[in-house]
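If you count the sequence shown from 1, position 91 lands on 147 in my numbering, and the numbers rise without skipping. What follows is a short report on a single structure.
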Amino acid sequence: MADSNKLIIFDTTLRDGEQSPGASMTKEEKIRIARQLERLKVDVIEAGFAASSPGDFEAIKAIAGIIKDSVVCSLSRANDRDISRAAEALAPAPRKRIHTFIATSPLHMEKKLRMSPDQVYEQARQAVRFARQFTDDVEFSPEDGSRSDMDFLCRVLEAVIDEGATTINFADTVGYGVPELYGQMLRTLRERIPNSDKAVWSVHCHNDLGMAVANSLAGVMIGGARQVECTINGLGERAGNTALEEIIMAVRTRKDHFGLEVGIDTTQIVPTSKLVSQITGFAVQPNKAVVGANAFAHASGIHQDGILKARDTYEIMRAEDVGWSANKIVLGKLSGRNAFKQRLDELGITLDSEAEVNAAFARFKELADRKSEIFDEDIMALVSDEQQSHEKEHYQFVSLSQRSETGEKPHARVVFSMGGREVSCEGDGNGPVDAIVNAIETQTQSGAELLLFSVNAITTGTQSQGEVTMRLSKSGRIVNGVGADLDIVVASAKAYLSALNKLHSKTEKLNPQM
Ligand code: KIV
Ligand code: ZN
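As structure tokens, this is what we get:
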């Protein structure tokens, strides 16, 4: 199995990616990302961790009912309850996978699980046996695998393959691996385990030392893995996971070295990156490989001169191959509902009802009155905004007026609805954004701490909408709110209210690593 040239791409943006502090997503947001991942043609979508919360269970179930081409997967700890929950959520999926895991390193077994190695061995075995009752596609991960004892790993992995695990995912949970060593460990496991050829071997690397992509590729080249677990933009706990876009473009661009096939539609990489960043509020750094705004920008005169003479002097990939297109004006104020709906389809945005299309179209008309050129990015932002307001959120922005003058303290008046009741509030601040936050707080009294405030231009030029992210923290919970508008102060008010909604929704999740 491991000798095939096909590299399976397992996307875990909706599960491990969502474990980034503040990146939690609503069901509708997860569905939008899952649809886009299917357009990107990933092989497996890990849609969540069904037993972690009722919200995650519902999101997985909805995704399982929608996605047809990719395998839909749920994570579960190695116990019957988690596995049954995963199976139940995945039931509507035409192709489903249960991914079960248990920690195998001495540190995790002793300090976290408080279990003996024999108990872990038995539990892993039973979990895979139980999961096989629901599907013949079962993945097993030895958590903290890269810090586990090799003899013990061999014993556990041989047993779970015997029980029917079809994928073995060698997890570098804390990003401790070094490419040569990680790749060699995987190779040794495959060589020493007698039934290793009965499973596909997978890599799952975290980026704590900035080596997740290098470790994953070493796992493939040295270790013989044929599945890579990764996330869009490298989103994930702490320093994140292996970045999908980097793996794909490395394997494609250096096919001479890797000799592997991936089924990904690379032109969907940038649209997917933008969607994930817009929904989670995690901006992509400009110099990020492949999807950063500067990834294909040439500033120095010598480089520009070279590019004009022959692009491959300084470019190893073509921007259009990964989905970068010059901002295209797609619609304007005279565009009708049909043209708008068609553009939504082309962007892979599916709204649930005609009423939602009408509401989004009304917002589009409003925007087109204020902005002469509407780009794809504008449409994506307004659909996100629309989905936030139609989800019957507790707090909803209505209007705002704000005054700033040199030498004067900025003042803001904000109107919003709170549980269906419209309230109006005023506040002063050190700046206009401080004033609106102070105004809103007079009513909500959340007492949340603002950890991050960032503004991004959605497109180019001074006519661009501003997209604001606000990250709030309260009682140990961290949430991100995102808002977009031509007026960045209005965008800030929307972002603040969106973050308060997330704090209000109290959808507590279990962390799978707990
Ligand atoms: O990092 C990790 O160990 C995981 C497992 C659950 C696969 O995410
Ligand atoms: Zn992980």
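All C-beta atoms, glycine included, are put in the ideal place defined by N, C-alpha and C.
Own chain partners of residue i with C-beta closer than 6 Å, once the 5 adjacent residues on each side are dropped
i	result
residue 180	134, 158, 212, 216
residue 322	377, 378
residue 225	195, 197, 258, 260
residue 567	none
residue 512	339, 523
residue 475	450
residue 393	417
residue 235	270, 271, 274
Option nearest residue i by Cα separation, candidates the options
i	options	result
residue 142	516, 111, 458	111
residue 491	467, 325, 508, 92	467
residue 539	434, 380, 459, 405	434
residue 402	324, 268, 426, 127	324
residue 346	495, 309, 493	309
residue 214	191, 254, 543	254
residue 296	410, 229, 119	229
residue 536	554, 61, 498	554
residue 74	400, 105, 459	105
residue 352	380, 480, 328	380
residue 438	307, 168, 407, 534	407
residue 305	370, 374, 263	374
residue 144	349, 448, 120	120
Beta-carbon spacing of residue i, residue j below 8 Å
i	j	result
residue 286	residue 271	no
residue 545	residue 456	yes
residue 337	residue 525	yes
residue 201	residue 244	no
residue 205	residue 250	no
residue 127	residue 193	yes
residue 188	residue 239	no
residue 191	residue 137	no
residue 199	residue 227	yes
residue 107	residue 87	no
residue 318	residue 65	yes
residue 85	residue 123	no
residue 316	residue 63	yes
residue 364	residue 451	no
residue 232	residue 203	yes
residue 132	residue 116	no
residue 542	residue 426	yes
Cβ shell of residue i (< 7 Å), same chain only, five flanking positions each side left out
i	result
residue 454	471, 472, 473, 478
residue 410	none
residue 488	458, 460, 466, 468, 545
Any non-hydrogen atom of the ligand ZN closer than 7 Å to residue i Cβ
i	result
residue 297	yes
residue 164	no
residue 160	no
residue 572	Beyond the ends of the chain as shown, which are 57 and 570, falls residue 572; an answer cannot be given.
residue 260	yes
Residue i beta carbon near the ligand KIV (any heavy atom closer than 7 Å)
i	result
residue 287	no
residue 361	no
residue 157	yes
residue 72	yes
residue 102	no
residue 567	no
residue 227	yes
residue 131	yes
residue 85	no
residue 108	no
residue 197	yes
Residue i CB to nearest heavy atom of the ligand SAH below 7 Å
i	result
residue 112	No copy of the ligand SAH appears in this structure; the ligands present are the ligand KIV and the ligand ZN.
8 Å CB neighbourhood of residue i in its chain, flanking five on each side removed
i	result
residue 436	330, 331, 334, 403, 405
residue 515	383, 431, 433, 434, 521
residue 57	Caution applies to residue 57, whose pLDDT of 47 falls short of 50 and renders its modelled position unreliable; the model cannot decide the point.
residue 428	388, 389, 519
residue 397	413, 417
Within-8 Å CB hit, residue i to chain B
i	result
residue 174	No chain B appears in the structure shown, which is made up of a single protein chain.
Inset, instruction - Assess, as a yes-or-no matter, whether the segment 540-559 is touched by the segment 145-153 under the definition of 3 or more beta carbon pairs within less than 8 Å. - result: No: the two stretches stay apart, fewer than three of their Cβ pairs being nearer than 8 Å.
Legend entry - Three or more C-beta pairs below 8 Å linking the segment 280-295 and the segment 58-74: Cβ pair count under 8 Å is three or more, so yes.
Legend entry - the segment 410-423 touching the segment 503-516, judged by at least three CB pairs closer than 8 Å: Output reads no: the segment 503-516 does not touch the segment 410-423.
Inset, instruction - Could you tell me whether the segment 80-91 touches the segment 295-302, using the rule of 3 or more Cβ pairs below 8 Å? - result: Touching, no.
Inset, instruction - Could you tell me whether the segment 346-365 touches the segment 100-110, where touching means 3 or more Cβ pairs closer than 8 Å? - result: Per the Cβ contact rule, the segment 346-365 is not in contact with the segment 100-110 (fewer than 3 Cβ pairs under 8 Å).
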